[in-house]
Every structure is written in C-alpha cells, then in structure tokens.
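> One structure follows; several queries about it will come next.
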Amino acid sequence: MGSDVEATRLAADHGAGMRHPMYWNGRVYFVSDKSSSDNIWSMSETGDDVRQETSSERWLMRQPYMHDGVIYYHRGADIYSYDLTSGETALVSLALIGDGDYQRERWLDDPLSYMSSAQISPEGDSVTVTARGHFVTAHLNDRRRIEYTLPEGTRARDAVVSGDGEWIYAWVGNEDRQEFWRFPVDGSGEGERRLSNHDAFAWDIVLVPDSPWVVFPDKAGRLMMFHPSTGMIMEIDKTESSNDNGFDNFSFTSDGRYMAYEIYDARDIAQIAVYDIESQTRTVLTDGRFPSYSPAIAEDGSWLYFLSSRNYDPNPGSPWGDRNMGPAFNDRDLVYALQLDPEADFPFQRPDELMLDTEDEDEDKDEDEAEDEGVVINFDGASSRLWQVPVSAGNYGDLSVTGKYLYLIERSGRSAAIKRIELTYDEPELETYTSGVMGYSLSGDRSTILVAKRGDQPSFFLVDAAQGFPTDTGSAEVNLSDWKLRINPDDEWGQMANDAWRLHRDFAFDPNLRGLDWETVGEQFLPYAERIGHRTELNDLISQMSAELGILHSQIRQGDVPEDEESGAPAFLGASFARHADGLEIVDLYEPERDLLDTLGPLQQPGMDFREGDVITAINGSAVRTEADLSRALDHRAGEQVLVTYERNGSEMQDIVEPVSRGGQSMLYYRDWVQTNRDRVAEASNGEIGYLHLRAMGSGDVASFARDFYEHFDKDGLIIDVRGNRGGNIDSWIIGTLLRQAWAFWQSPHGGPAYTNMQQAFRGHLVVLIDENTYSDGESFSAGVKALELAPLIGTRTAGAGIWLSDRNRLVDGGQARVAEYAQYGLDGRWLVEGYGIGPDIEVDTPPLAAYRGEDHQLDEALRYLEQQIAADPIPELSPLPIPPVGTHGRDVD
173 MGSDVEATRL AADHGAGMRH PMYWNGRVYF VSDKSSSDNI WSMSETGDDV RQETSSERWL
233 MRQPYMHDGV IYYHRGADIY SYDLTSGETA LVSLALIGDG DYQRERWLDD PLSYMSSAQI
293 SPEGDSVTVT ARGHFVTAHL NDRRRIEYTL PEGTRARDAV VSGDGEWIYA WVGNEDRQEF
353 WRFPVDGSGE GERRLSNHDA FAWDIVLVPD SPWVVFPDKA GRLMMFHPST GMIMEIDKTE
413 SSNDNGFDNF SFTSDGRYMA YEIYDARDIA QIAVYDIESQ TRTVLTDGRF PSYSPAIAED
473 GSWLYFLSSR NYDPNPGSPW GDRNMGPAFN DRDLVYALQL DPEADFPFQR PDELMLDTED
533 EDEDKDEDEA EDEGVVINFD GASSRLWQVP VSAGNYGDLS VTGKYLYLIE RSGRSAAIKR
593 IELTYDEPEL ETYTSGVMGY SLSGDRSTIL VAKRGDQPSF FLVDAAQGFP TDTGSAEVNL
653 SDWKLRINPD DEWGQMANDA WRLHRDFAFD PNLRGLDWET VGEQFLPYAE RIGHRTELND
713 LISQMSAELG ILHSQIRQGD VPEDEESGAP AFLGASFARH ADGLEIVDLY EPERDLLDTL
773 GPLQQPGMDF REGDVITAIN GSAVRTEADL SRALDHRAGE QVLVTYERNG SEMQDIVEPV
833 SRGGQSMLYY RDWVQTNRDR VAEASNGEIG YLHLRAMGSG DVASFARDFY EHFDKDGLII
893 DVRGNRGGNI DSWIIGTLLR QAWAFWQSPH GGPAYTNMQQ AFRGHLVVLI DENTYSDGES
953 FSAGVKALEL APLIGTRTAG AGIWLSDRNR LVDGGQARVA EYAQYGLDGR WLVEGYGIGP
1013 DIEVDTPPLA AYRGEDHQLD EALRYLEQQI AADPIPELSP LPIPPVGTHG RDVD
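So for the sequence shown, this note's numbering puts the first residue at 173; every next one is plus one.
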C-alpha cells in the first residue's frame, strides 16, 4: 500500500471464485465456493499455503467483515462469527427490538396500480378486476362493490363472471400449483376448488357462450376445455410453435359451437383457426404466408373478420441517405373477412343490379334455419372466399364484431385509440370511438363494450356497443375509484416467496432444474419467510433461493418497497470539485458531446461560461465552503433554478443553473468517460481510428450506435467498446450492420469521394472490447462477432449471463422473480455463454494501480492492434480505372 509497485494476483491457480479479501497476521482470508459451498479460506501473503477454514454445506456467505481477529458474516437469515485464533464458528445472538411497522396491516389506496386483468360479465352489467392477487366485481352507479375472500396465502389470476352469472371463476395459486376455483358471485360463502392437479401453468380463462365449459391455453402449448361443475377436462388443440402460449384472441358464435382463435404454426407465424366444439374438429383458414390474428366471428357464423400483416410500405424507400440502416414497415395491418356462409352478403358491398332484393325472405329463412339447427358453417372453399374491409392500413389489434360495428384498437407509439367502422356499404368510415385507452372488450352477448382508460389510475366504462362513447362519462363509469385493499404484509410476503418458488419451477429453461430437488430447496428456504420484517428481506430470500439454480441471468426486481419520504433527494452540477480558500474549485467539467445539446451539463448550457478553475462561493446566497455545503444547498433542487455565485481571477460572477438528479449526474459522468476515450483514440491515431461505446442493448442504444458508427464508417479502424454493457436485445441489428460489405463503388464525374455499394459499409479493421461486466445481450453481440469472425475480442471474459428471459414472472406487488427461460445454442447444438461467458481472443486486463492512475490497457491494446493491422493491410483507396474507349463494354464481377 502507498507504493508504486503494481498489484500481483495471488493464488491464480485456485480454480474457483475468490472474493472479499481480508488481511490478518500475515494471512489473507477470503470467501470461495471451491468446496461447492461458500466458505472462508486463507492463504499466505504470497498466495501459497491455501487452506479451507470453515466447512459449511448450505447457504451463501455474504458481507464478511473482519474485526480484531474475528470474521463476522451473513449466512441464511443469521449472523455468524469465525474466530481466526480458535477456529470456532458461532451463531451471533442478536435481539433487534422494533415495533414491526413494516409488518402492520395496512390499506392500499391504489390497488388498480397493480391490476393484472379486467373482465366484463357476459351480460355486460359488471366488471371483475383482478389486482394485487385479489379480485372485486364492480357495477355502475352506487351498486354494491363485491369483494371475495381467498384461501389464506394464495394469489388469484384472471377472475371472470361465469356464463350463467352464478359464479366467479379464477386461477388461484396455492403453495404448489395453480388451481381452478369458483366463488359465489354475490361474495357469500367460501370458494370451491374445481381443478387442482393440472400439470402446466394456465394462461387465461375463456368462457364458451351458452355453455358451462371454459377454455384455457397452458404453458405446455395445449388448448384445454374444462367443465367446472363436473371436473371433466380434455385437450382440444396443441401448437407446433415454440411459443408456450400459442393460442390467443378467442371469438365464438352466439350458440358457442364454433370458436375462432389465433394459433401459432411451426414457423411461429400466427394463423386463424376455427374449432367446431360439437364435432371436435379444427379448421385452419389461413395459409401461413402472412401473420393473421385477432379473429372476430359473426354471431351467426356467416363471416369471420381478422387482421393480417399484408401491407408493406418501406420507410425509407431506398438505401440512400445518411445512417440508413434499412427500411422499416409501419402500418402493416389490414382488415379482412372470410365468407363462411357462401350465401351471405358482404356488408360493405354496395348492391348492384344482379343482387336480388330478397332481404326479407332471407331473414325469415335464416331465422327458421337458426331455430331448427343453430349455426352451421360450411368450411368448403372458405379460405378462398376472402374479402377486404375498406379500412386503410394501420397498426391495429383487438378486432371484434357486433351486429352493427367492427371495433379495433389502433396504436401509435404508447398511445392507443378504439376505432370502429359500421357494417354498411353506405360510405363506411373508420372513426375514432375514444382515445387514451388501455384496452376494451365486448360482453358475451355483444351488447356492451368495456373501455379501460389510462390515467393516474385506470378507469373503466360500460357503454352500449351500438351507441357512441359518451361525452359525459359519469353515468358510464364503473364504481372503482374508491376501492381500497387490505394488505397483510406477512401473508403477502409468504405468498410471494411461494410464488417465486413455483415460477422458477415452472418457467426455468431446464425442466430438470439443473438436477436440483426443487422440493428440498423450497423446504430449505420458504420457512424463512416467517422471519421477514421488510420487503427488501423478501428480495434477499428469493435471491438466495433462485441462486441455488446457478442461472446467472435470473434477476430479482424489488416490488412495493417502502420509500423513505423524509430523506433528501440530492442534486448535482455535472462537475468535480476541490477545496479552495474561497469555496469549491471546479477541477473537472464533465465533457459532453458538444454537437448534442441534450448532453450538456448544468454548467455548460448555451450562454454560460463556467470554466475549470472557477471557484463556486455560494448557492442561492448561502456560502459554499465544502462539498457538504454544496450538497445541502442543492438538496431537492434537481430541475429547479438556483443562483450560482462564483469567482474567476478575483472577479465575482453569477448565473442561473438547473442541477440534475443522481441519474443525470451518472449519465454526465458516463458521457465524460466515453468522450475521454474518443479523444484519446482520435489523438493517438491522428483521426484514422474511431471509437464508440455501447452502454446497453436497448432502443436508445441502437440510436446511439446509428449516431456514432456512421461517423466512423470510412475510417481505417474502429473500436467498438461493450465493456460494462448491461444487455438488451439488439445484437442482431448491430451485427447485421457490421456484416455489410462493400463490393463496388460509384464515382461522380465531378470528383469527390467515392461511395460504395453497400452504402456506408465499413471497410476498415475492427476490434471489440469486452470485460467481466459485459452482460446478457452484450455477450450475445460479443459471441456473434467471435463466431462470425468479424473482429478480435480484446479484454477479459464476459459475465456468463446467456439464457434469455421475458418479463412475465411478476409477483403480486409488481416485483419480479425474473426467470431465465430460453437457452442459446451454437449452430452445432452447443449450449452457449451461460455460466462461462465469452472469452477474448487477446486477453488484457488493467491491473488495480494502473486503473487508479487512469490507464486503460485494454484500450491501449486495441489501438496497438489496429495500428499494426492498418500498417500490414492498408485499406485500398477507391479509385476508378480510366473509362475504356467507346465500343468497349463493362466487365463481369468475376
């Protein structure tokens, strides 16, 4: 310590992880899992004589701290001590006295913030909302809101009023399985378990009209029919798709015989199918060329309307232009109709002289046939009887049909509007029904539309589906605004612990759970839920439990953690300071991207003239002498104007500044680091090598890539830095851009630079920087670069989080036991990335002392490598040969 000698790695051949080093009496103590469980180990100062000190076989060892020859550490839910002299381990007896404030029963004022579903009743007179694992049925006006009592320690999903209006159906999660329950609709009496042994997670509950049956898809890719009264259950369809929720958007004829729905085919393309419940046969009506979805079948089975992505209007429409990464196809969806009844008239077709006016006779005939035999669909040739509804292309979803209108949702960015078109040939027009919506649904009899609107809290409206959305919505709003939900934290924490255990069992990428006895894992961890005293401790318990699987990409997200509303909210000025006799001297103004004004820090805004060396003396008239003074003066001031007084060369100046939040300060610091690297590379290479950093792999990062990559596309070399990359899902976009190769070029007769085909393709030498903090999709990008031999990887091996996941494993309070679900494989079938990472082609690390001094050996190696490659293999200049004489033709490319 305190010397100029670089650190030396100890026990490099240990063969397992080593962390939390602690020094005592000539030995270095540390935590390692070499024995298959975390234990304390030690070694000499030189890394020799490595030995295991403790011998625990369960639990992670966390937060070790040494004091006076004793190591204290957290294992499970307790604190232990290990005496280095005696070698004895002991449980530390602690008595923490508190009033259990976070465990007390409380009332939740905003249960709708945790809404997971809202279902309209079959007759349209009520809405059943599921939120925070509970459900309630609400009506219009002042009718009683009905609440239901769930079995202790359970969570409800997808509650809906039964077709006969007598029951509420819901999936209820107990300690081991999801179960199908029904509850008296009026809230009296206890619920009844009707299905308890289904072997896969169920996604929904769909009522079959005029029938006691319900339908639900499950995670095994099956479509099931279930009779809640008799308990009879049967599989009626199974998807060939990789999508484990391969069925959606169900629509029925009025008699419940025919069910239209989306099914994903073996190519994962959505298609339209109709199931005849009476004959137990399925007919697929689309051919798989285009995705087709959201079927809406007429009550009498005469027409089947659906959406399909068949409009492809490119933007941009050519490969020319700066930063053109290829076309996007917006507004893909069109509305189509299949004529299931060959005699049915298309509602949007204007009658002509060949169409006989026999409407009255047809209506009488249809009514007689309906009374005699119900709905009968003729599927022969139905796929070829395709019509297009006169609606322009858009971003549509959630199509449905009544006797008078087609309804759908049109989405634009994060906004959505319900639109409808009347079933008429007399100037039909798609009109906005209402906007600012979350969604909508029709009642089983299609008489009423439920509209869910966005706001601080969701709001719900029941409206006659044949009428317009009311201007004054007071009489149409469902009575939910004053709903409060009683929460018992102890019960809820126990339920969420069980839920997380179940979700890992049911969703983890390996059905065998890496060979673990998951029941035993539950027996080890779940009883500790009784010791939880704060929501963060639940996260701790779930984290330890999920860690047993050893999946590096599973994650825990915090949920409804109490906020400390009395603590400060710090604000910052985007600079570093040093003590000065008169105040705080600005020693480093974080460097922005000067061309992008939104990257400027608080002291760099247009019209300001703050400089390094200036001394800040006061904020809002209060003297500033220390950073503590500055912190107090700026507390709770982020985004607000403050008066900054500062001195330069003995002269006092003032300016109005808006400080930034902690997140804003972090981003300014990050941009400063990136800009420092950019400047360093540009200076070292005389501008011939470019540099860009990808912080993550989300939508904002592909925008960053487009902004930065094309600045360098014509340079001799480029460094793409994904060190510390936090992941996302855009690796294929970036790799696709890097795969583009120039194979020809154009040259203007007036001179100037040549331009290549492919446009703006990078022709230079490339390297990619990685490190142990390159994570998730940052690793997929690194793996792709390595597998496709696009560039050498320089740095250290990546984190090893290679199993992809979704966001569907949510707990009742909005927290998440995010389970890694989809393993990634090489084309030869090898399991990739997870638990190991992607290794560099050139291994370089920056040791501690060098890093402290601001050195970056990995970046230095990237520069050295590129300079060497550019010298050995220079990029040829694009220079056309003289045009041959007249009469000489051009040549083939080979």
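Here a beta-carbon is modelled for each residue, glycine too, at the ideal position from N, C-alpha and C.
Return the Cβ separation of S726 and A992 in integer angstroms, given the expectation that the two are a contact with Cβ distance under 8 angstroms.
Indexing the sequence shown from 1 puts residue 726 at position 554. Indexing the sequence shown from 1 puts residue 992 at position 820. Contact holds; Cβ gap of about 5 angstroms.
> The beta strand (DSSP E) with G345 in it runs from where to where?
The residue you call residue 345 lines up with position 173 of the sequence shown. Segment W339 to G345, the beta strand (DSSP E) holding G345.
> Alpha carbon to alpha carbon, how far is A542 from E471?
Translated into the one-based positions of the sequence shown, residue 542 becomes position 370. Translated into the one-based positions of the sequence shown, residue 471 becomes position 299. Residue placement at A542 is flagged as unreliable, the pLDDT there being 47, under the threshold of 50; a coordinate-derived value is accordingly withheld.
> Candidates E951, Q813, S334 and E784: which alpha carbon is nearest V378's?
Counted from its first residue, the sequence shown places residue 378 at position 206. Ranking the options by Cα distance to V378, first place goes to S334.
> Please go through the same chain and pick out, in chain order, the residues whose beta-carbon is closer than 8 angstroms to the beta-carbon of S653, but skip the five residues on each side of it.
For the purposes of this step, residue 653 is identified with residue 481 of the sequence shown, where counting begins at 1. Q629 and S631, listed in sequence order.
> Under 9 angstroms, do G694 and W665 count as touching if we go by C-beta distance?
Position 522 of the sequence shown, counted from the first residue, corresponds to residue 694. Position 493 of the sequence shown, counted from the first residue, corresponds to residue 665. No, they are not a contact pair.
> If I'm right that F877 touches L864 with Cβ under 8 angstroms, what's the distance once you round it to whole angstroms?
One-based indexing of the sequence shown puts residue 877 at position 705. One-based indexing of the sequence shown puts residue 864 at position 692. 7 angstroms between Cβ atoms; contact.
> On the criterion of 16 or more Cβ atoms from any shown chain inside 10 Å, does K591 qualify as buried, or is it exposed?
Residue mapping note: residue 591 aligns to position 419 of the sequence shown, counting from 1. Classification of K591: buried, given that the 10 Å Cβ count is 16 or more.
> When the Cα of T321 is compared with those of G722, G363 and A310, which residue comes out closest?
In the sequence shown, counting from the first residue as 1, residue 321 sits at position 149. Among G722, G363 and A310, the Cα nearest to that of T321 is on G363.
> Identify the continuous alpha helix (DSSP H) that holds W1035 and give its terminal residues.
The residue labelled residue 1035 in the question sits at position 863 within the sequence shown. It is worth fixing the name first, because residue 1035 is Leu in this sequence and not Trp. Looking at the DSSP string, the run of the alpha helix (DSSP H) that includes L1035 is H1029 to A1044.
> Based on Cα-Cα distance, which residue from T411, L1050 and S803 lies nearest to W915?
As a position in the sequence shown, residue 915 is number 743, starting the count at 1. Here the closest residue by C-alpha is L1050.
> Please state whether DSSP places T817 in a helix, a strand or coil.
The sequence position of residue 817 within the sequence shown is 645, counting from 1. If DSSP states are grouped into helix, strand and coil, T817 belongs with the strands.
> Decide if the stretch 948-968 is in contact with the stretch 922-936; the criterion is three or more beta carbon pairs, one per stretch, under 8 angstroms apart.
Too few Cβ pairs lie closer than 8 angstroms, so no.
> Looking only at C-alpha atoms, which of P600, H192, W492 and P491 sits nearest to F520?
Numbered from 1 along the sequence shown, position 348 holds the residue referred to as residue 520. Comparing Cα-Cα distances from F520 to each of P600, H192, W492 and P491, the minimum goes to P600.
> When the distance is taken between beta carbons, is V332 closer than 9 angstroms to E319?
Within the sequence shown, numbered from 1, the residue matching residue 319 stands at position 147. Within the sequence shown, numbered from 1, the residue matching residue 332 stands at position 160. Contact flag unset, no.
> With the cut-off set at 9 angstroms, would you say Q913 and P1052 are in Cβ contact?
Position 741 of the sequence shown holds residue 913. Position 880 of the sequence shown holds residue 1052. Going by C-beta atoms, Q913 is not nearer than 9 angstroms to P1052.
> Determine the direct distance from the alpha carbon of R658 to that of T180, and round the result to whole angstroms.
Reading the sequence shown from its first residue, position 8 is the one you call residue 180. Reading the sequence shown from its first residue, position 486 is the one you call residue 658. In a straight line, the C-alpha of T180 is about 58 angstroms away from that of R658.
> Would you say E347 and H370 are within 9 angstroms of each other, going by their C-beta atoms?
The residue you call residue 347 lines up with position 175 of the sequence shown. The residue you call residue 370 lines up with position 198 of the sequence shown. No. Outside cutoff.
> Apart from the five residues just before and just after W196, which ones in its own chain have a Cβ nearer than 7 angstroms to its Cβ?
Here residue 196 corresponds to residue number 24 of the sequence shown, with the count starting at 1. The answer, listed in chain order, is M238, G241 and L256.
> Please specify which runs of the beta strand (DSSP E), each continuous and at least 3 residues long, are wholly inside the stretch 303-372, giving them in chain order.
As far as the stretch 303-372 is concerned, its whole beta strand (DSSP E) runs of at least 3 residues are 306-310, 327-333, 339-345, 350-356 and 364-367.
> On the DSSP bridge list, what partners appear for F744?
Against the sequence shown, residue 744 aligns to sequence position 572. Paired residue(s): V832.
> Quick check on DSSP: helix, strand or coil for T866?
Counted from its first residue, the sequence shown places residue 866 at position 694. First, the amino acid is wrong: residue 866 is Leu here, not Thr. Note: L866 maps to coil in three-state DSSP.
> On the three-state DSSP scale, how would you describe H246?
Taking the first residue of the sequence shown as position 1, residue 246 is located at position 74. H246: strand per DSSP, three-state reduction.
> The beta strand (DSSP E) with M527 in it runs from where to where?
Against the sequence shown, residue 527 aligns to sequence position 355. Note, M527: premise wrong, no beta strand (DSSP E); not H, not E.
> Who are the near neighbours of E594 in its chain, counting only those whose CB is closer than 7 angstroms to its CB and skipping five residues on each side?
Working through the sequence shown from its first residue, we reach residue 594 at position 422. Contacts found: K576, Y577 and P600.
> Hey, would you say D437 sits closer than 9 angstroms to T411, going by beta carbons?
Residue numbering aside, residue 437 sits at position 265 when the sequence shown is read from its first letter. Residue numbering aside, residue 411 sits at position 239 when the sequence shown is read from its first letter. Going by C-beta atoms, D437 is nearer than 9 angstroms to T411.
> Who are the near neighbours of L960 in its chain, counting only those whose CB is closer than 8 angstroms to its CB and skipping five residues on each side?
Mapped onto the sequence shown, residue 960 falls at position 788. Same-chain partners within the cutoff: I907 and L911.
> Sort S838, G305, A565 and Q235 by Cα distance to N660 and report the nearest one.
Counted from its first residue, the sequence shown places residue 660 at position 488. Nearest C-alpha to N660: G305.
> Based on DSSP bridge pairs, tell me the residues matched to A262.
In the sequence shown, residue 262 corresponds to position 90, counting from 1. Its beta-bridge partners are S253.
> Please classify W231 as buried or exposed, where buried requires at least 16 other C-beta atoms within 10 Å of its C-beta.
Position 59 of the sequence shown, counted from the start, is the residue given in the question as residue 231. Its Cβ being crowded by 16 or more others within 10 Å, W231 is buried.
> What's the call for L983, buried or exposed, on a 16-neighbour Cβ count within 10 Å?
Within the sequence shown, residue 983 is the residue found at index 811, counting from 1. Buried.
> Are T946 and N897 touching if we call contact CB-CB under 9 angstroms?
For the purposes of this step, residue 946 is taken as the residue at position 774 of the sequence shown. For the purposes of this step, residue 897 is taken as the residue at position 725 of the sequence shown. Yes; because the gap between Cβ atoms is below 9 angstroms, this pair is in contact.
> Please check the pair D440 and S414, which I expect to be a contact at CB under 8 angstroms, by giving their CB distance rounded to whole angstroms.
Locating residue 440 in the sequence shown gives position 268, counting from the first residue. Locating residue 414 in the sequence shown gives position 242, counting from the first residue. So it is a contact: roughly 6 angstroms between Cβ atoms.
> Just to confirm before moving on: does the CB-CB distance between P699 and F744 stay below 9 angstroms?
Counting from one through the sequence shown, the residue named residue 699 turns up at place 527. Counting from one through the sequence shown, the residue named residue 744 turns up at place 572. Cβ atoms of P699 and F744: not closer than 9 angstroms.
> Would Y447 and T455 be called neighbours here (beta carbons separated by less than 9 angstroms)?
As a first step, residue 447 is located in the sequence shown; it is residue number 275 there, counting from the start. As a first step, residue 455 is located in the sequence shown; it is residue number 283 there, counting from the start. Contact: yes.
> State the DSSP-derived secondary structure class of A565, mapped to helix, strand or coil.
The residue given as residue 565 occupies position 393 in the sequence shown. Three-state DSSP puts A565 in coil, outside helix and strand.
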